[in-house]
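Asks: Can you keep this structure in mind? I'll have questions shortly.
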Amino acid sequence: MVDTEDCPPATTLDIEDHIDTGNSTPIMMKHRRMAQTENVVVVDSESNGAWEFPAVLVRKKDGEVRFCVNYRGLNAVTKKNIYPIPRIDKTHGISWRSVAFHHT
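Under this note's numbering, the first residue of the sequence shown is numbered 19, with each subsequent residue one higher.
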């Protein structure tokens, strides 16, 4: 257990990636209706994006609910990224911002 009062505030790196779908037109998939017996509150916020995929609620073994999105339609038209994780030569210059804590 780490005492967070002794640790400085953590910083995060905002990383963006472009999903190359080639000449594919935007996909808008219909959302599935959820069972009325589910005692789950889903906050629905409007989006005006061109791409839309259905959300799926999956009950985990411990009874909690996991919110998932079905991106199979997007995966089918996405050109595969030959560098799926950041390359070391691209991240080496920003490593000075990294902080590691070890608590004994």
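Beta carbons are placed, not taken as given, at the ideal position from N, Cα and C, and that holds for glycine.
#1: By how many angstroms is the C-alpha of I106 removed from the C-alpha of G91?
#2: Considering only the alpha carbon of each residue, which of D32, D38, M47 lies closest to I100?
#3: Go through its chain and collect everything with a Cβ distance to R77's Cβ below 7 Å, but skip five positions before and after it.
#4: What does the alpha-carbon distance come out to for the pair T96 and N41?
#5: Going by C-alpha to C-alpha distance, which of T43, I33, I103, K48 sits closest to P72?
#6: Beta-carbon separation of P104 and W69 under 8 Å?
#7: Which residue marks the beginning of the alpha helix (DSSP H) containing R90, and which one marks its end?
Replies: Taking the coordinates as given:
#1: Position 73 of the sequence shown holds residue 91. Position 88 of the sequence shown holds residue 106. Spanning the two alpha carbons is a distance of roughly 31 Å.
#2: Residue numbering aside, residue 100 sits at position 82 when the sequence shown is read from its first letter. For the residues D32, D38, M47, the minimum Cα distance to I100 belongs to D38.
#3: Locating residue 77 in the sequence shown gives position 59, where the first residue counts as 1. These residues qualify, in order along the chain: V83.
#4: Looking up residue 96 in the sequence shown gives position 78. Looking up residue 41 in the sequence shown gives position 23. The alpha-carbon atoms of T96 and N41 are separated by roughly 10 Å.
#5: On the sequence shown, position 54 is the one that residue 72 refers to. Per the Cα distances, K48.
#6: Sequence index remark: in the sequence shown, residue 104 carries index 86 (1-based). Sequence index remark: in the sequence shown, residue 69 carries index 51 (1-based). In this structure, P104 sits away from W69, with a CB-CB distance that is not shorter than 8 Å.
#7: Position 72 of the sequence shown, counted from the start, is the residue given in the question as residue 90. Note, R90: alpha helix (DSSP H), 90-95.
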